[in-house]
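Have a look at the structure below, then the notes.
Number of protein chains: 2
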Amino acid sequence: MTTDQHPDFFVRHAELLDQAVAGAADRGYWTPYPEAPSASAYGAGAPDLGEAAFRDLLDHPFSLEGHPTTGTVPATEVSPYGFPLGVSYPALVPEVAVATAKAAAAAWRRASPDTRAGVAAEILARLNAASFEIAHAVQHTTGQPFMMAFQAGGPHAQDRGLEAVAYAWNEQKRHAVAARWSKPQRKGGPLVMDKTFTPVGRGVAVLIACNTFPTWNGYPGFFASLVTGNPVVVKPHRRAVLPLAITVRIAREVLAEADFDPDVVLLAAEKPEERTAPALATHPDVRIVDFTGSSEFGDWLETNARQAVVHTEKAGLNSVVVDSTEDYAGLLRNLAFSLSLYSGQMCTTPQNILVPREGFPTDQGRRTADAFAADLGAALDKLLGDPARAAATLGAIVNEGVLKRVEEAAALGRTAHPSGELAHPDFQDAVVRSPLVVRLEAEAEADQDAYTSEWFGPVCFVIGTDSTAHGLRLLHDCVRQYGALTASVYATDEAVLEAARTTALEAGVHLSENLTGQVFVNQSAAFSDFHGTAANPAANAALTDPAFVTGRFSVLQSRRHATAEEQVNA
Amino acid sequence: MTTDQHPDFFVRHAELLDQAVAGAADRGYWTPYPEAPSASAYGAGAPDLGEAAFRDLLDHPFSLEGHPTTGTVPATEVSPYGFPLGVSYPALVPEVAVATAKAAAAAWRRASPDTRAGVAAEILARLNAASFEIAHAVQHTTGQPFMMAFQAGGPHAQDRGLEAVAYAWNEQKRHAVAARWSKPQRKGGPLVMDKTFTPVGRGVAVLIACNTFPTWNGYPGFFASLVTGNPVVVKPHRRAVLPLAITVRIAREVLAEADFDPDVVLLAAEKPEERTAPALATHPDVRIVDFTGSSEFGDWLETNARQAVVHTEKAGLNSVVVDSTEDYAGLLRNLAFSLSLYSGQMCTTPQNILVPREGFPTDQGRRTADAFAADLGAALDKLLGDPARAAATLGAIVNEGVLKRVEEAAALGRTAHPSGELAHPDFQDAVVRSPLVVRLEAEAEADQDAYTSEWFGPVCFVIGTDSTAHGLRLLHDCVRQYGALTASVYATDEAVLEAARTTALEAGVHLSENLTGQVFVNQSAAFSDFHGTAANPAANAALTDPAFVTGRFSVLQSRRHATAEEQVNA
Numbered sequence: 015m016t017t018d019q020h021p022d023f024f025v026r027h028a029e030l031l032d033q034a035v036a037g038a039a040d041r042g043y044w045t046p047y048p049e050a051p052s053a054s055a056y057g058a059g060a061p062d063l064g065e066a067a068f069r070d071l072l073d074h075p076f077s078l079e080g081h082p083t084t085g086t087v088p089a090t091e092v093s094p095y096g097f098p099l100g101v102s103y104p105a106l107v108p109e110v111a112v113a114t115a116k117a118a119a120a121a122w123r124r125a126s127p128d129t130r131a132g133v134a135a136e137i138l139a140r141l142n143a144a145s146f147e148i149a150h151a152v153q154h155t156t157g158q159p160f161m162m163a164f165q166a167g168g169p170h171a172q173d174r175g176l177e178a179v180a181y182a183w184n185e186q187k188r189h190a191v192a193a194r195w196s197k198p199q200r201k202g203g204p205l206v207m208d209k210t211f212t213p214v215g216r217g218v219a220v221l222i223a224c225n226t227f228p229t230w231n232g233y234p235g236f237f238a239s240l241v242t243g244n245p246v247v248v249k250p251h252r253r254a255v256l257p258l259a260i261t262v263r264i265a266r267e268v269l270a271e272a273d274f275d276p277d278v279v280l281l282a283a284e285k286p287e288e289r290t291a292p293a294l295a296t297h298p299d300v301r302i303v304d305f306t307g308s309s310e311f312g313d314w315l316e317t318n319a320r321q322a323v324v325h326t327e328k329a330g331l332n333s334v335v336v337d338s339t340e341d342y343a344g345l346l347r348n349l350a351f352s353l354s355l356y357s358g359q360m361c362t363t364p365q366n367i368l369v370p371r372e373g374f375p376t377d378q379g380r381r382t383a384d385a386f387a388a389d390l391g392a393a394l395d396k397l398l399g400d401p402a403r404a405a406a407t408l409g410a411i412v413n414e415g416v417l418k419r420v421e422e423a424a425a426l427g428r429t430a431h432p433s434g435e436l437a438h439p440d441f442q443d444a445v446v447r448s449p450l451v452v453r454l455e456a457e458a459e460a461d462q463d464a465y466t467s468e469w470f471g472p473v474c475f476v477i478g479t480d481s482t483a484h485g486l487r488l489l490h491d492c493v494r495q496y497g498a499l500t501a502s503v504y505a506t507d508e509a510v511l512e513a514a515r516t517t518a519l520e521a522g523v524h525l526s527e528n529l530t531g532q533v534f535v536n537q538s539a540a541f542s543d544f545h546g547t548a549a550n551p552a553a554n555a556a557l558t559d560p561a562f563v564t565g566r567f568s569v570l571q572s573r574r575h576a577t578a579e580e581q582v583n584a
Numbered sequence: 015m016t017t018d019q020h021p022d023f024f025v026r027h028a029e030l031l032d033q034a035v036a037g038a039a040d041r042g043y044w045t046p047y048p049e050a051p052s053a054s055a056y057g058a059g060a061p062d063l064g065e066a067a068f069r070d071l072l073d074h075p076f077s078l079e080g081h082p083t084t085g086t087v088p089a090t091e092v093s094p095y096g097f098p099l100g101v102s103y104p105a106l107v108p109e110v111a112v113a114t115a116k117a118a119a120a121a122w123r124r125a126s127p128d129t130r131a132g133v134a135a136e137i138l139a140r141l142n143a144a145s146f147e148i149a150h151a152v153q154h155t156t157g158q159p160f161m162m163a164f165q166a167g168g169p170h171a172q173d174r175g176l177e178a179v180a181y182a183w184n185e186q187k188r189h190a191v192a193a194r195w196s197k198p199q200r201k202g203g204p205l206v207m208d209k210t211f212t213p214v215g216r217g218v219a220v221l222i223a224c225n226t227f228p229t230w231n232g233y234p235g236f237f238a239s240l241v242t243g244n245p246v247v248v249k250p251h252r253r254a255v256l257p258l259a260i261t262v263r264i265a266r267e268v269l270a271e272a273d274f275d276p277d278v279v280l281l282a283a284e285k286p287e288e289r290t291a292p293a294l295a296t297h298p299d300v301r302i303v304d305f306t307g308s309s310e311f312g313d314w315l316e317t318n319a320r321q322a323v324v325h326t327e328k329a330g331l332n333s334v335v336v337d338s339t340e341d342y343a344g345l346l347r348n349l350a351f352s353l354s355l356y357s358g359q360m361c362t363t364p365q366n367i368l369v370p371r372e373g374f375p376t377d378q379g380r381r382t383a384d385a386f387a388a389d390l391g392a393a394l395d396k397l398l399g400d401p402a403r404a405a406a407t408l409g410a411i412v413n414e415g416v417l418k419r420v421e422e423a424a425a426l427g428r429t430a431h432p433s434g435e436l437a438h439p440d441f442q443d444a445v446v447r448s449p450l451v452v453r454l455e456a457e458a459e460a461d462q463d464a465y466t467s468e469w470f471g472p473v474c475f476v477i478g479t480d481s482t483a484h485g486l487r488l489l490h491d492c493v494r495q496y497g498a499l500t501a502s503v504y505a506t507d508e509a510v511l512e513a514a515r516t517t518a519l520e521a522g523v524h525l526s527e528n529l530t531g532q533v534f535v536n537q538s539a540a541f542s543d544f545h546g547t548a549a550n551p552a553a554n555a556a557l558t559d560p561a562f563v564t565g566r567f568s569v570l571q572s573r574r575h576a577t578a579e580e581q582v583n584a
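Protein sequence lines, in the order shown, are assigned to chains G and V. For the first sequence, the tail end lands on 584 under the working numbering, and the numbers increase by one without skipping. For the second sequence, the tail end lands on 584 under the working numbering, and the numbers increase by one without skipping.
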């Protein structure tokens, strides 16, 4: 029943897939996609060719051969570095998008998990080859600095995609494809049945992507749905269409080469005046939704897209508890970088740093919360003192809303480190801001209002607590009530670390301990770190794990008596 | 961090658990629990001792040592065989049930998956030893005939429970418990992190059980929640408390022996005037719900218990398509038994038999739909002609609602086989009815109203179609719109069987082909047949598969830099 006329992609990538399954299980370091944006890793000329490919896209309609369309989405994307992209896209109203995807998926549904995983791995290989082109597209839609846009938008996003492929492929192979059931009887020979077990995709999938990490947050759901036999309608954020348009273009090329209908993957960009996500997500034929974005719309989707399985990654309040350290300089360096990276515009960036008001021990002597806030400000100034390094770390502010929040946070008073405007050495119109540090008190009512909201962007609070135990309690309660994607602790005493682990397990959040070097709480490594837990309100799924893929397909069986002849031959 | 002071149960059952995991993957025949209700399988005197244990329970308050209580649930259960059980139970209001379960679960959550699986396997071993006691309790709450009550309520339910244990245990072991992540750096030594990965239960689980299969439908969710580290509040159907009360008693005994708080498992029986399931299911601390019952309440739970993962098995319309056969006598015998077994009071019993109006070929010549309906009636009379066999097959009618439906269906007119009242040889007050067969037409509007509703109980429709293709189309549309747990086809031509398989895959239902012997469409074998698909409206889960367990826990991680010393030793 499968139409595996082009199994070559599976043969080509079979070893990679086996490695990916093993890597996802053992959680050590593993990646097939080089993270260095270098010619030595990606081939002579790759950086320049990638940039040229990106430049060629600007100021033109985006070309998606044979893609259905119901009009044109005019060019509206503007780089946070200060220039309009000038790229228009085919428009596709929800009804047509879903009907086209559904109609295109028959052969894809019937194909074997091996075939589908092979096609997905080939898509990823070509995405990897296009990493420079994609990096520029990510940089100029999200505002990420180039190095981050390359790594997080390219190879690291591909890692997450491959991780999803591995889980989706492996989950579909958990049961025998066929089995003989032979039940002994009290009298006579056994009862013998032949059975088949077929994984069948749930139906049309919709990916609702975000502004800041269109590929990194989008690829897991995209590939998990695809490999489990579902067509995918990609609904990009209106300000970050280009990286996913390139992704859709490449996916459609590979599908067509494998003799599948390319409409298994569709781009559903929306016009400026439209808001298509609600209609797409609640369409009766849409059976899977993946979403990254606001808690408000994520909660709406969970409540209203009842016909679908809905995977959401929403907002949260990430906390750091500081108890003690033997490497105060490392702590400050590490935190300053975490707060500065992409101007804190990450769902994983710490916001609330919980510090004993009266002070904590360090290798440089005791530090009160006030002193710590001042030291953190100084560390930020040191990190961001060099304009080139500052630009390469901060990137650009993605939209007006972020700027507005920084202003509001500054108006709270007690600024320990102001958010400054910085010039970008390459893009004079880029909007660049350094992190704001505000000094709050855990028990002050007005302060509580502030630190129990999410201030997405370059805003962090140093919050004075009575004690480490108090800080851990606040961390726990914040995670339970508002959700969190990360948590972090600094402590020299194993008993305190143990208490922090217990707190994190009870709260339902991943914990980083004593990060003082080149690993940052807001970064997670595919195949090793889970992103999100589904155990607190910030997300109802983890990227990626078995739970992220099992709801995307069912195993359907048939059974019949084995004939006497078949029984003899068995 | 685990408190594995009593690993003996895991050691005792480790081989069984390994076998169960292998059996669930290969889907062949496997069971550790003998299905014969015999002294040779269960020990000399077991049948009599089990019956005596059941008799001893009657007319007494049910004893659950140390179980919390907020009052008494008066004795209200009445055997469908015609006598009151006279068993009262401790009452437990939802608020207290959830709070007690939550408070009791700390050590259980911290225990390892091995420890929890060992405890669960020991509970199952003791349930198996109590199979006769449970069989009588099942018979006299559900109305199932004794043999079925023993098998489906005892060893087969234990099979399903063990299957859930196997999936839940295995899923928690999919990832390394600890890993060293070592990332090469361009300069200097690698970045090295030590990480831990801990499966953590989602929270309090509530099992909302049904009247007809309290153990078979209840054990999968019960054991899946338990093994993934969650306490379970068991809310039995008010007419079928006793089988689950025995289950809770045994689970608590084993938990206590393993040094866990027995309140990890609680019975929350409801008083006659209460309806506690909505409050239990929507309690903020309840994070998992398993439900078997009506579509109406199942849909309500899916919509309203938003804080929980909700697994439902609801109602559906099961169809049979008859195209042709080379064993007409076998077909009739098999269908007559399927319709008669437990008076059709199974969510898997066929209701709509779709037959070409103008006839289909058999080894006994061509049969029109009318002739087939008459033949089926004769086959029923033959099967049920012997009073002892009739009683052993039909069991008793579980409640008034079923009787009322049979009367309504008879009033549709065109009865091909009337539902008759039968005397039970052992229980003079038992309410026993034979199946009603009604002859309908696919295209008649009034008939469509009839056959597109579920008539749970001994009601079946022989529906005239234009052709087999027409019948397959109706099967498909019924499954998509109303849901189904089973589908069945009779055809001699492989092309027709292939079309039926395609139809079933597209509709999202399991298919049985040409059942003419001792396998019946309404029976599914654990470790081989999946029960439900989650691919159509009859259920949002399959019992049991990975998707049934992955939502019950999260994997939480911690990470820290490896010290230089640890790195050298690694």
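In this text, a Cβ means the ideal position worked out from N, Cα and C, and glycines have one as well. Bear in mind that the values here come from a model prediction, so they are computed numbers and not experimental data.
With respect to chain G, the C-beta atom of threonine 530 (chain V) has a partner C-beta closer than 9 Å. The beta carbon of arginine 188 (chain V) falls within 9 Å of a beta carbon belonging to chain G, placing the residue at that interface. A residue is called buried once 16 or more other Cβ atoms fall within 10 Å of its Cβ, and histidine 74 (chain V), having fewer, is exposed. Under the DSSP assignment, glutamine 199 (chain G) falls outside any beta strand (DSSP E); it carries neither an H nor an E label. At a cut-off of 9 Å between beta carbons, valine 278 (chain V) makes no contact with chain G. At a cut-off of 9 Å between C-beta atoms, methionine 161 (chain G) does not count as an interface residue with respect to chain V. Within the same chain, Pro432, Ser433, Leu450 and Val452 come within 8 Å of alanine 424 (chain G) by CB-CB distance, once the 5 residues on both sides are set aside. Chain-ordered listing is empty here: chain V has no CB closer than 8 Å to the CB of glycine 358 (chain G), the nearest sitting near 21 Å. At least one CB of chain G lies nearer than 9 Å to the CB of arginine 194 (chain V).
Against chain G, the CB of serine 526 (chain V) has a partner CB under 9 Å away; the residue lies at that interface.
Under the 9 Å criterion on CB atoms, leucine 511 (chain V) is classed as interfacial with respect to chain G. Taking C-beta atoms under 8 Å as the contact rule, valine 241 (chain V) and valine 218 (chain V) fail to qualify, at a distance of about 15 Å. By the C-beta density criterion, glutamate 468 (chain V) is buried, having at least 16 other C-beta atoms within 10 angstroms. According to DSSP, asparagine 550 (chain V) shares a beta bridge with V:Ala553.
Within the stretch 27 to 93 of chain G, complete alpha helix (DSSP H) segments of at least 4 residues are found at 53 to 56 and 60 to 71, given in chain order.
Taking all protein chains shown into account, glycine 399 (chain G) has fewer than 16 neighbouring C-beta atoms within 10 Å of its C-beta and is therefore exposed. Rounded to the nearest whole angstrom, the C-alpha separation of proline 159 (chain V) and alanine 406 (chain V) is 5 Å.
Burial of alanine 521 (chain V) is indicated by the presence of at least 16 other C-beta atoms within 10 angstroms of its C-beta. At the C-beta level, aspartate 277 (chain G) and alanine 193 (chain V) stay beyond 9 Å of one another. Two segments are said to touch when three or more pairs of C-beta atoms, one from each, lie closer than 8 Å; by this definition the stretch 129 to 147 of chain G touches the stretch 268 to 275 of chain G.
Under the three-state reduction of DSSP output, proline 375 (chain G) falls in the coil class, being neither helix nor strand. Membership of phenylalanine 211 (chain V) in the beta strand (DSSP E) is indicated by the continuous run 205 to 215. Taken through DSSP and simplified to helix, strand or coil, valine 416 (chain V) comes out as helix.
Rounded to the nearest angstrom, the Cβ distance from glycine 59 (chain V) to glutamate 147 (chain V) is 13 Å, too far for a contact under 8 Å. Judged by DSSP in its simplified three-state form, asparagine 366 (chain G) adopts strand. Shortest Cα-Cα distance from proline 370 (chain G) to any of G:Val262, G:Ile477 and G:His27 involves G:Ile477. The residue from G:Gly358, G:Asp173 and G:Ser196 with its alpha-carbon nearest to that of arginine 447 (chain G) is G:Gly358. Taken atom to atom, the span from the alpha-carbon of threonine 530 (chain V) to that of alanine 505 (chain V) is near 12 Å.
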